[in-house]
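Structure first, then comments.
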Amino acid sequence: MYLRIAVKSLFVPSYHIFLKDSRSELRTRYALNALFMFVVTALSVILFSLGSESVSHDVLAGMLWVIIFFSSMSGLSRAFVAEEERGTVATLQLIARPAPVYVGKLLFNFVLTLSLNIVISLLYILFITNFVVLSPTIFWTTIVLGSCAIASSSTIIAAIIAKANTKGTLYPVLSFPVMLPMLITVIKATQLSIEGAFFSEALGEFQILVSYTVVIVAVSAVLFEFVWKD
Amino acid sequence: MRLASPLRWPPRPDERALMKQVTLSVDSLSKVFNRRTIFEEVSFTLQEQESLAVTGRNGSGKSTLAKILCGLLSSNAGYVRCSVEGKEIPSENMFQHVGFVAPYLNMYEEFSGKENLRIISNIRNLAGDTAAEAQKLLKEFGIFERRNDDVRTYSSGMKQRLKYAAALLHHPEILILDEPTANLDQEGIDVVRKRMKAQTAEGILLIATNEREDLEYVRVFIDLDGRKTSQVTSQVYP
């Protein structure tokens, strides 16, 4: 009974907000173009600067997450900034409660981040010849859990900065301290995957990532209504 | 000043059977922006088949009051309460009972008019044949022929018509219109005024306007210009 009410009042509107944002993104390519251009540029710069030099695995793992962090910063704020720039925030506020808006946007950012991170990882493995993943299970689990963590923090920060005048600069500045614990953890987990560690050795990192995501989502769910309304 | 008992249209017996009992109570509502009082102590109560216009010169707070009533803004003091069939509606669920049209609302321009209505009915999780309802509203507001075109190609009048269709999709008991005839041609104005009449017969109509012709469609109005001295003045429009 309660589950049916929750599905009807929360998940159905959330799913339709996610679908609306996905279709809108496929038509306008606001975030996709920015993300794609950033990834191509960042990878090219790294390739040119490295040349034939051999760089340690630790540095390569860090560079992968530098690309992921800044490409996320260039595109993930669109979920809320686009609504603000198009003047459709009021329309959305008039047709849905804050909770489904948050869940819908979170879902959209998660799918976008995960797709982006998979593409970045594949390109990185393909072009950076020194970057050899010996434990693929650890690596891809890190990518999935890292995507969850990035999406959870970037969604609430995007909602906060959407009303500011200096959105572009504020987003990475606000995101960095919030994402720092998560970035340290994913870099560590990626290093373990390159070193060929057993899955059990990375469990501590995965627990941190899951906890981080749960805490951020829980806090965001409580705070979002205050951020979303005036 | 409190509107103790605004005038009512005498309801017909057949209308009474279809109508829901709706009450919109506004008590001592005040709004301050950057230490500037926009309005204060606004109070009124409206029930089904009642209508109210909010008038006042530019900057008097008409749109602000309309936004507070539909939940887009919060007030600094006072409250807005709504009950349907005697059951009080929590503020977070007000959107299910309120339709709002204003020139500053925007639809999704990358989607067509028909898609916009489908998106809105899906997010609202409306039951029943929403596609048929959307089609009916698109025809009523004269944009059915352009239903498959992107909203970005619409004129400002057509966008305003689409906003009406979107606001009426869920059959709101309370319809709030800010500058109801803005951007519309005479044909559009006629359709909107017909709808204003119909809304007054079925539910609550509240408009924020300075158009004298619009005031003919309501029975009571509040003039927000008197806010500084005697707060809100109210009178029955002749």
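Chains A and B supply the protein sequences, listed in that same order. Numbering (this note's numbering) for the first sequence: 107 to 336. Numbering (this note's numbering) for the second sequence: 11 to 248. Cβ atoms here follow ideal geometry from the backbone N, Cα and C, with glycine treated the same way.
Residue range of the unbroken beta strand (DSSP E) whose run includes residue i
| i | result |
| --- | --- |
| B:Gln-57 | 46 to 57 |
| B:Ser-93 | 87 to 94 |
| B:Ile-99 | 97 to 99 |
Beta-carbon proximity of residue i to residue j, cut-off 8 Å
| i | j | result |
| --- | --- | --- |
| A:Met-143 | A:Ser-281 | no |
| A:Phe-233 | A:Leu-153 | yes |
| B:Gly-198 | B:Arg-157 | no |
| B:Lys-169 | B:Met-104 | no |
| B:Asp-188 | B:Ala-141 | no |
| B:Leu-39 | B:Ser-93 | no |
| A:Glu-190 | A:Lys-114 | no |
| A:Ala-167 | A:Ile-244 | no |
| A:Tyr-121 | A:Arg-184 | no |
| B:Val-90 | B:Ile-78 | yes |
| A:Leu-182 | A:Leu-218 | yes |
| B:Gly-167 | B:Asp-195 | yes |
| A:Ala-265 | A:Val-333 | yes |
| A:Ile-262 | A:Leu-213 | no |
| B:Phe-151 | B:Arg-171 | yes |
| A:Met-288 | A:Leu-315 | yes |
| A:Val-225 | A:Val-145 | yes |
| B:Ser-131 | B:Leu-179 | yes |
| A:Arg-129 | B:Glu-119 | no |
| A:Asp-72 | A:Gln-297 | Because chain A spans 107 through 336 in this model, residue 72 of chain A falls outside it and cannot be assessed. |
| A:Val-365 | A:Thr-248 | Since the first and last residues shown for chain A are 107 and 336, residue 365 of chain A lies out of range. |
Closest by C-alpha distance to residue i, when choosing among the options
| i | options | result |
| --- | --- | --- |
| A:Ile-300 | A:Glu-311, A:Lys-273, A:Ala-324 and A:Pro-242 | A:Pro-242 |
| A:Leu-125 | A:Val-161, A:His-163 and A:Pro-206 | A:Pro-206 |
| B:Glu-58 | B:Arg-91, B:Ile-184, B:Val-42 and B:Leu-225 | B:Ile-184 |
| A:Lys-294 | A:Ser-306, A:Leu-286, A:Met-285 and A:Glu-311 | A:Glu-311 |
| B:Gln-209 | B:Tyr-227, B:Gln-196 and B:Arg-222 | B:Tyr-227 |
| A:Trp-246 | A:Ile-231, A:Thr-235, A:Phe-332 and A:Asn-236 | A:Ile-231 |
| B:Leu-147 | B:Ser-165, B:Val-64 and B:Val-201 | B:Val-201 |
| A:Leu-286 | A:Leu-132, A:Phe-176 and A:Gly-157 | A:Phe-176 |
| B:Ala-8 | B:Phe-121, B:Gly-109 and B:Asn-135 | Since the first and last residues shown for chain B are 11 and 248, residue 8 of chain B lies out of range. |
| A:Thr-235 | A:Ala-202, A:Ala-257, A:Leu-149 and A:Val-145 | A:Leu-149 |
| B:Glu-60 | B:Ile-153, B:Cys-80, B:Phe-43 and B:Ser-35 | B:Ser-35 |
| B:Asp-235 | B:Lys-30, B:Thr-47 and B:Gln-31 | B:Thr-47 |
| A:Ala-202 | B:Glu-223, B:Gly-81, B:Ile-186 and B:Thr-55 | B:Gly-81 |
| B:Phe-43 | B:Val-32, B:Thr-74 and B:Phe-54 | B:Thr-74 |
| A:Thr-147 | A:Val-165, A:Ser-160 and A:Ile-174 | A:Ile-174 |
| A:Ser-253 | A:Leu-156, A:Phe-305, A:Leu-132 and A:Ser-227 | A:Ser-227 |
| A:Pro-119 | A:Leu-198, A:Val-161 and A:Ala-188 | A:Leu-198 |
| A:Ala-196 | B:Leu-115, B:Arg-203 and B:Glu-143 | B:Leu-115 |
| B:Glu-51 | B:Gly-71, B:Ala-144 and B:Thr-33 | B:Gly-71 |
| B:Asn-220 | B:Phe-154, B:Gly-96 and B:Thr-191 | B:Thr-191 |
Endpoints, the alpha helix (DSSP H) within which residue i is located
| i | result |
| --- | --- |
| A:Ala-265 | 242 to 267 |
| A:Leu-170 | 163 to 181 |
| A:Ala-196 | 195 to 201 |
| B:Asp-139 | No alpha helix (DSSP H) contains B:Asp-139, which DSSP labels as neither H nor E. |
| A:Pro-119 | 118 to 134 |
| B:Asn-126 | 123 to 133 |
| B:Glu-102 | Counting along the chain, B:Glu-102 falls outside any alpha helix (DSSP H), and DSSP gives it neither H nor E. |
| B:Lys-169 | 166 to 178 |
| B:Pro-113 | Note, B:Pro-113: premise wrong, no alpha helix (DSSP H); not H, not E. |
| A:Ser-221 | 204 to 233 |
| A:Phe-186 | 184 to 192 |
| B:Ser-70 | Note, B:Ser-70: premise wrong, no alpha helix (DSSP H); not H, not E. |
| A:Ala-112 | 108 to 112 |
Counterpart residues of residue i in DSSP-defined beta bridges
| i | result |
| --- | --- |
| A:Phe-305 | None; A:Phe-305 has no bridge partner. |
| B:Ser-61 | B:Leu-215 |
| A:Phe-154 | In the DSSP output, where bridge partners are listed per residue, A:Phe-154 has none listed. |
| B:Val-108 | B:Ile-184 |
| B:Thr-33 | B:Gln-57 and B:Ser-93 |
| B:Val-42 | B:Thr-47 |
| B:Asp-160 | B:Ser-122 |
Residue i burial status per 10 Å Cβ neighbour count (16 or more: buried)
| i | result |
| --- | --- |
| B:Asn-68 | exposed |
| B:Pro-100 | exposed |
| A:Ala-324 | exposed |
| A:Ser-317 | exposed |
| A:Ser-258 | buried |
| B:Pro-182 | buried |
| A:Val-321 | exposed |
| B:Asp-139 | exposed |
| B:Lys-30 | exposed |
| A:Lys-335 | exposed |
| B:Ala-87 | exposed |
Residue i CB to nearest heavy atom of the ligand SAH below 7 Å
| i | result |
| --- | --- |
| B:Lys-204 | In the structure shown, the ligand SAH is absent, as is every other ligand, since no ligand is present at all. |
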